[in-house]
Each structure stands twice: as structure tokens, then as C-alpha cells.
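Comments concern the structure below.
Number of protein chains: 2
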Amino acid sequence: MNNNSKTIHDPNAAPTLAQSQRQIERYDLDVDAQAILVAARLMAAGAKLAQASEIHFSKFGLSTGRYRLLADLEDHGGEELPSQLAEHLGVTRATVTGLIDTLARDGLVARRASAEDGRQRTVVLTESGASKLREMAAEHFAWLESMVGLLAIEERSVFLELLGRITQGISGLANERDKQS
Amino acid sequence: MNNNSKTIHDPNAAPTLAQSQRQIERYDLDVDAQAILVAARLMAAGAKLAQASEIHFSKFGLSTGRYRLLADLEDHGGEELPSQLAEHLGVTRATVTGLIDTLARDGLVARRASAEDGRQRTVVLTESGASKLREMAAEHFAWLESMVGLLAIEERSVFLELLGRITQGISGLANERDKQS
DNA sequence: CTCCTATAGTTAGGATCCTAATCATATGGC
DNA sequence: GCCATATGATTAGGATCCTAACTATAGGAG
Chain Z
700 MNNNSKTIHD
710 PNAAPTLAQS
720 QRQIERYDLD
730 VDAQAILVAA
740 RLMAAGAKLA
750 QASEIHFSKF
760 GLSTGRYRLL
770 ADLEDHGGEE
780 LPSQLAEHLG
790 VTRATVTGLI
800 DTLARDGLVA
810 RRASAEDGRQ
820 RTVVLTESGA
830 SKLREMAAEH
840 FAWLESMVGL
850 LAIEERSVFL
860 ELLGRITQGI
870 SGLANERDKQ
880 S
Chain R
700 MNNNSKTIHD
710 PNAAPTLAQS
720 QRQIERYDLD
730 VDAQAILVAA
740 RLMAAGAKLA
750 QASEIHFSKF
760 GLSTGRYRLL
770 ADLEDHGGEE
780 LPSQLAEHLG
790 VTRATVTGLI
800 DTLARDGLVA
810 RRASAEDGRQ
820 RTVVLTESGA
830 SKLREMAAEH
840 FAWLESMVGL
850 LAIEERSVFL
860 ELLGRITQGI
870 SGLANERDKQ
880 S
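Protein chains in written order, with the working numbering: chain Z, 700 to 880; chain R, 700 to 880.
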């Protein structure tokens, strides 16, 4: 607190309710200003978190995406197909190819040809990659935990439940575009 | 050896609590699995929302960043300095330069030299830019509102409060690195 | 067996936003 | 007035992830 670099603008309070109300009144719309505020704050929080995350992982020579790939690999016996990784991480196969390229260059994963299907290329976690995850574990999980440190246990459950419903709302929006009756 | 990877993937349920627990147990860490889950879900939601947002704005020939710049301009009398825009949007001045370039090319904003300070270049919202905001208003705010449509009014307040505290937690993490910049 | 289509992965090119370096203008000590 | 430093904006180049096009292999219809 006590930031007051000068005029307001605590990034935690951006955008403000007043701002949302002004926007709505300008066009005389029939929407709830608080709903708009929730949506806008969530977007701001997401962007901020993504940025903080990249900084966090860069300390270990990783990016958010590359860490997620390693962790998913570890959680699936250290061996997966690129297409499985893409689905688990929620990114495209093209993105996975790029992530693997960098991780393989750094020796954290390796590509192996599949005996069963010549099109497939298995991705395996190397000893070096497993070691990297071990090194990071304590600090990384402490980092994640401290993010929600200001919430009481029961508040975390509540937040999780509400966030889940908002996520559903987002999915609904996304599907609205290409719904083929 | 592990689980046969038959686990279906509902993106709304990723990551799962079981996944978080496995990770924590693997390294025998003393952290709360639910806290990890909250953090991971929030990151996933943020990424998803950012993606949905880009798709939404692309229907109007805009990006998330360019819309936010136009909206901020409108909220400040249609005239601001690039440095003010950067602070309001929470991005760097270099990014603002790029956003203005595109918006100016499309005729939605214009740059004007400042009479008082030769280094400054005022950004003004053009009639075309104001018109674009008018066109978008109804659909855009309906979009935002539907995102939180599954939450009751009082739940929105709760969510806002909890999200605010998590955002503080994120800020704390960010500042931890460079204590005194 | 041959051909046509489907699938796995990669490559090419675009959009976003970042950091660091640069250019031009202001400001203050001497 | 002159020069060193600070500041506003831009440029250059990097990282991330996307869509679309491409290569190679698999598999079924005839």
C-alpha cells in the first residue's frame, strides 16, 4: 500500500467500477456494470498472471509453455505423443513442435521414432529433464501457493467454484460462433 | 506403467485436483494441493479468456489491445499522450506505439504534435474511431456480461473480492524479485 | 495392388507484447 | 550560452502461440 506514485492508478484497481459505469451510460445500455467489472478485472488478472509466470519460469531457463509440457510428460510416465501433449496443454500441435524443439535442444526431452506407426514421434523426458523438475519443485510450488496465500481455505473452494462457472461462460461464448444448429 | 491414458479431457476440468496431488506427492512437498489447483486453474482460465477475447475483437477488425486503447481514449475525452495510454493499459510505451500505428493506419485515431512539448505526440480519437466504438457497444458489453452470466449478483461481489486478493498476491510475487527498482 | 483419403507432425508466416537501443527535445548546472 | 542528463516516443529484434499449407505414413475401396 502507500504506493501513491501520484494520481491514483493502482494497477490492482484497474479498471474501476466508475469506468465501467461511464462506458455503459455513454451508450445507454442495459447491462450490469458490476458484471462488466468482473469480466474486465478477470482479463486484467489473467494478463498480469501470464506475465508474472513467464518471469518466474525464466529463472529456470524455461517458459510457461515449456514447463507445462515437462510437467505433463512427468505426469504421464515420461513418454507421450506430440498430439497428446497438444491436447493436454490446450495448444496446437504446431506449438508443441516448437516447444519440443527448444526442450530437445536443451536436452530436457528427446524424440524417438515410433515402431508401431511411422508417422508418430514419441517424446520422452530425459534424466536431465526429470532433474530440472526436481530442482524446481520446491520453489515453484511455493510460488503457486503464495499466489493464493491471502485466501482462507474455505475461500479457495468458493473461488474455485465461481471460477469454474465463469470458465463455462467463456466456453459458451467461444462455441457460440460455430454452432451448427 | 501408469494409468492407461484414457482420461477424457474436458478442458474446463484441466488441470484436475488429482493431478496437483500427484505432483506434490512426487516430491513430498508441504503445500496445499487445492491452493495449487486454484493457481493452475486461474492461469488456464486467463489464457482461455485471452484467446476468446482476440476472436471476439477480430470480428470488429480490432485486437484486445487496440480496443482497450480506443476505450481508454474515449474515457479520457478522446485525447491522450502515448505515455498516459501505456500507464492506463498496463503495457510498455513501445507496445502503445505499435497499437497506435495500426489504429492510425485504419483511421480510428490520429497523431498530433504537441504545442507545449516537442517530444510529445498527442493521440486523438477520430470520428471514425468514436463511430467504431458506438457500433460495437451493444454486442461487446453483452459479450462481457454473458461471461459472468452463470453467477448470481451476490456471487459476483464475492468473486470480485477474492480475485482482488489473488491479484495482490500476484503483485507480491512480481515485486519479490526486484525489491527496490 | 493401386489410389484416394485421413492422420501425425512439421514448416512458414502472422499477430501480440516484451526489452534494449536510439532519436529528438527539455531542463538544469556551470 | 553550453553541455550533461532526463524524458517522450520510436525502432529493432526476440519470445510466444496461432492458422494454413505441406510432407510422410497409414488404411480402406475397388
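Even for Gly, the Cβ is constructed at its ideal location relative to N, Cα and C.
- Taking 8 Å as the CB threshold, Z/PHE756 stays off the interface with chain R.
- Where Z/ARG820 is concerned, the enclosing beta strand (DSSP E) starts and stops at 820–824.
- In the displayed model, Z/VAL808 falls within a strand according to three-state DSSP.
- Interface residue (Cβ-Cβ distance to chain Z less than 8 Å): R/ALA785 is not classified as such.
- In terms of CA proximity to R/SER782, R/VAL795 leads the group R/GLY806, R/VAL795, R/THR801, R/ASP771.
- Each of Z/LEU716, Z/TYR726, Z/GLU815 was checked against the Cα of Z/GLN733, and the nearest Cα belongs to Z/LEU716.
- Short of 6 Å from the beta carbon of R/TYR766, and not among the five residues preceding or following it, lie these beta carbons of its own chain, in chain order: PHE756.
- Short of 8 Å from the beta carbon of R/GLN722, and not among the five residues preceding or following it, lie these beta carbons of its own chain, in chain order: ILE735.
- By alpha-carbon distance to R/ASP727, the top candidate from Z/ILE869, Z/ALA836, Z/MET742, Z/LEU861 is Z/ALA836.
- When 8 Å is used as the limit between beta carbons, Z/VAL730 is near these residues of chain R: PHE840, ALA841, LEU843, GLU844, in chain order.
- If you look at R/GLU786, you'll find it in the alpha helix (DSSP H) that goes 781–788.
- Proximity to R/THR791 across Z/GLY797, Z/THR763, Z/LEU780, Z/GLN750 peaks at Z/GLN750, based on C-alpha coordinates.
- Rounded to whole angstroms, the Cβ separation of R/ILE869 and Z/LYS758 is 16 Å, and the two are not in contact under 8 Å.
- Taking CB atoms only, R/GLY760 has no neighbour in chain Z less than 8 Å away.
- For R/ILE735, the nearest beta carbon of chain Z is closer than 8 Å to its own beta carbon.
- For Z/GLN867, the nearest beta carbon of chain R is closer than 8 Å to its own beta carbon.
- DSSP, reduced to helix, strand and coil, places Z/GLU815 outside both helices and strands of the structure shown, so it counts as coil.
- Within the DSSP secondary-structure output, R/GLU724 pairs in no beta bridge.
- Across the structure, Z/PHE840 and R/GLU815 are spaced so that their CA atoms are roughly 51 Å apart.
- Residues of chain Z whose Cβ lies closer than 8 Å to the Cβ of R/SER752 are, in chain order, MET742.
- By the criterion of a C-beta distance shorter than 7 Å, R/TRP842 is surrounded in its chain by HIS755, once the five residues flanking it on both sides are discounted.
- As computed with DSSP, Z/GLU778 is found in a beta bridge with Z/VAL823.
- Of all residues in the segment 845–856 of chain R, only SER845, MET846, VAL847, GLY848, LEU849, LEU850, ILE852, GLU854, ARG855, SER856 come within less than 8 Å of chain Z when Cβ atoms are compared, listed by chain position.
- Residues of the segment 778–809 of chain R that bring their beta carbon within less than 7 Å of a beta carbon in chain Z comprise GLU786, GLY789, in sequence order.
- Taken atom to atom, the span from the alpha-carbon of R/ASP771 to that of Z/GLU778 is near 48 Å.
- At a cut-off of 8 Å between C-beta atoms, R/LYS747 counts as an interface residue with respect to chain Z.
- Excluding the 5 residues flanking it on each side, Z/LEU802 has same chain C-beta neighbours closer than 6 Å at ARG765, VAL808, in chain order.
- Straight through space, the alpha carbons of Z/GLN867 and R/LEU849 are spaced by roughly 8 Å.
- Within the model, the alpha-carbon separation for R/ALA743 versus R/ALA713 is close to 8 Å.
- Contact of R/TYR766 with chain Z is not assigned, every C-beta pair being separated by 8 Å or more.
- Residue R/GLY776 holds the alpha-carbon nearest to the alpha-carbon of R/THR825 among R/GLY797, R/GLY776, R/LEU862.
- In summary, Z/SER827 is exposed, with fewer than 16 beta-carbon neighbours lying within 10 Å of its beta-carbon over all protein chains present.
- Inclusion of Z/GLU773 and Z/SER762 in the CB contact set at 8 Å is not warranted, their separation being larger than that value.
- Counting along the chain, R/PHE756 sits inside the alpha helix (DSSP H) bounded by residues 732–757.
- For R/LEU768, the enclosing alpha helix (DSSP H) begins and ends at 763–773.
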